[in-house]
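In my numbering, the protein residues as written are 117 to 549.
In this text, a Cβ means the ideal position worked out from N, Cα and C, and glycines have one as well.
A quick note: this is a predicted structure, and the numbers were derived from the prediction, not measured.
Written as structure tokens, this is what we have:
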């Protein structure tokens, strides 16, 4: 890793049947004095596992592990190894430069005549290509990039902000609506949304995420069930029905007409499929925000019968990817590595949301199973907001390794980092947030 090294000592079959063996560990940077290391942990499968921490990047180290057994006779075996810690990636533009802008056209892709990002992705990105994104809002969704080649470390594919520019992938809807005061509860305000905003799972009022209540008013079968009327979780929130009416209530009961209300009109942003290649992809300096629109299948009556969580930056079966200095604001599943994705680095990124401030009960009761018995309009959306800022998810029965999450800030997300099954990780503990 960058600041750590993991190692494994595998004992011969039948060795140390009484489990009395132990290890003595020491290590040193090449040419320096030896230092004691943490003792390795013994596993029941006949192995010792250990890690060296607080190392210097891009530095060669020697490791010495003494395997000591005292029964039936004293025996000491000295094992040695050497390796070098990783260097911190320095993401820069190089190779074949392709300039794009939010309104780019044509196939020149120069700084003075930038092209279209979607068209460029569709044509594929050969190794050694740098995509330089000019500033502005890229109001795009469901982008797909297929990478089919192993790239050398010296010829990476780079997608980054052009020098001095601030490109933004923006999934938000900023339309101004006329909000009508509710009857019965005048602190509730409602409006009609257009059809393309149905099943919205993101509602922001003056920069604060609203909780998706499953009911507008307490259901007769259980008047204690949390609803927008009662703000049962002490959270400002919203309620939407299948007629695409949206109702909002804040804790201070303010007039929504005086507020900025933002919904999401984009389901996914960008999916990168590495096709099990060492793609050596670099992504740097891009701002992602407001990707979180719901997507549901409907029955013949227009009721939602199956809903899906959205993703923002989704990387599948790709190894040697660096995501550096990116920002994710109020995005569902901001950054995900799926399948066979190894030796990836996420560093210097900022992830911000508001779902992490909700209670556990608020998530578990905002789903479609129970409310469907009474109201088939709500759909399943609140439960799918219970996700992580950085999600690493190998396929079933698969292991992923070498992934580093370093020097990131994650705020207001349910889980900062989540790992799938069968993980084996050396955590760079002093640097990981």
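### Continuous beta strand (DSSP E) stretch holding residue 400: start and end
It spans 386 to 400 - the beta strand (DSSP E) in which residue 400 sits, taken as one unbroken run.
### Task
State the DSSP-derived secondary structure class of residue 360, mapped to helix, strand or coil.
DSSP places residue 360 in coil when its eight states are reduced to three.
### Task
Can you grab the Cα-Cα spacing for the pair residue 488 / residue 277, in whole Å?
Interpretation of residue 488 is limited by its pLDDT of 46, a score under 50 that renders its predicted location unreliable; no figure is taken from the coordinates.
### Contact check, residue 451 vs residue 528, beta carbons under 8 Å
no
### Task
Identify whether residue 403 lies in helix, strand or coil by the three-state DSSP scheme.
strand
### Query
With 16 other CB atoms within 10 Å as the buried threshold, where does residue 510 fall?
Taking every protein chain shown into account, the CB of residue 510 has 16 or more other CB atoms within 10 angstroms, so this residue is buried.
### Task
Out of 196, 434 and 478, state which residue places its alpha-carbon closest to the alpha-carbon of residue 517.
434
### Message
My assumption, with CB atoms under 8 Å, is that residue 163 sits in contact with residue 126. Please give the rounded CB distance.
### Response
5 Å
### Task
Spell out the partners DSSP gives residue 443 in its beta bridges.
Partner(s): 403 and 466.
### Query
Is DSSP giving residue 194 helix, strand or coil here?
strand
### Query
Leaving out the 5 sequence neighbours to the left and right, which residues in its chain are closer than 7 Å to residue 175 when beta-carbon positions are compared?
145, 200 and 201
### Classification of residue 520 by the beta-carbon crowding that lies within 10 angstroms, buried from 16 upward
buried
### Query
For residue 526, which residues of its own chain have a beta-carbon under 6 Å away from its beta-carbon, when the five flanking residues on both sides are left out?
Once the five neighbours on either side are set aside, the close Cβ partners of residue 526 are 467, 505 and 532.
### Task
May I have the straight-line CA-CA distance separating residue 534 from residue 353, to the nearest angstrom?
Roughly 26 Å between the two C-alpha positions.
### Query
Which one of 463, 471, 473 and 512 has the shortest CA to CA distance from residue 203?
463
### Task
Could you check what DSSP says for residue 535 in three-state terms: helix, strand or coil?
strand
### Query
Among residues of its own chain, excluding the 5 on either side of residue 185, which ones have a beta-carbon nearer than 7 Å to its beta-carbon?
Result list for residue 185: 132, 136, 137 and 191, in chain order.
### Task
Mind listing, in chain order, the continuous alpha helix (DSSP H) runs of no fewer than 4 residues lying wholly within the stretch 192 to 263?
Correct list: 233 to 239.
### Own chain partners of residue 226 with C-beta closer than 7 Å, once the 5 adjacent residues on each side are dropped
Excluding positions up to five away in sequence, the list reads 215.
### Message
With a threshold of 7 Å on Cβ separation, who are the neighbours of residue 485 within its own chain once the five nearest residues in sequence on each side are excluded?
### Response
Note that residue 485 has pLDDT 40, beneath the 50 cutoff, so the model's placement of it is unreliable and the number below is only indicative. Hits under 7 Å: none found.
### Task
Report the residue from 446, 357, 220 and 245 whose alpha carbon sits nearest the alpha carbon of residue 383.
Its Cα nearest to that of residue 383, the residue 446 stands out among 446, 357, 220 and 245.
### Task
Measuring alpha carbon to alpha carbon, tell me which of 260, 406 and 282 ends up nearest residue 386.
260
### Task
Give the DSSP-derived three-state secondary structure of residue 484 in the structure shown.
With a pLDDT of 46 at residue 484, under the threshold of 50, the modelled position of this residue cannot be trusted; read the value that follows with caution. Residue state, collapsed to three classes: coil.
### Task
Just the C-alpha distance for residue 448 and residue 501, rounded to the nearest angstrom, thanks.
7 Å
### Query
residue 301: which of 325, 317, 347 and 268 sits nearest, CA to CA?
347
### Message
Quick check on DSSP: helix, strand or coil for residue 304?
### Response
coil
### Query
When burial is assigned at 16 or more other CB atoms within 10 Å of the CB, is residue 477 buried or exposed?
exposed
### Bounding residues of the beta strand (DSSP E) (the contiguous stretch that carries residue 509)
504 to 509
### Query
Can the beta-carbon of residue 211 be found closer than 8 Å to that of residue 245?
yes
### Task
Output the distance between the C-alpha atoms of residue 128 and residue 171, rounded to the nearest integer angstrom.
30 Å
### Task
Label residue 194 either buried or exposed according to how many other C-beta atoms from any shown protein chain fall within 10 Å of its C-beta, with 16 as the threshold for buried.
exposed
### Task
Report yes if the CB atom of residue 443 is closer than 8 Å to the CB atom of residue 403, and no otherwise.
yes
### Three-pair Cβ contact test at 8 Å for the stretch 310 to 325 versus the stretch 354 to 363
The stretch 310 to 325 vs the stretch 354 to 363: in contact.
### Task
Using DSSP bridges, identify the partner residues of residue 182.
Residue 182 has 140 and 194 as its beta-bridge partners, per DSSP.
### Task
Evaluate contact between the stretch 387 to 395 and the stretch 327 to 345, counting only Cβ atoms and requiring at least three cross-stretch pairs below 8 Å.
no
### Task
May I ask you to list the residues that DSSP assigns as paired with residue 316?
409
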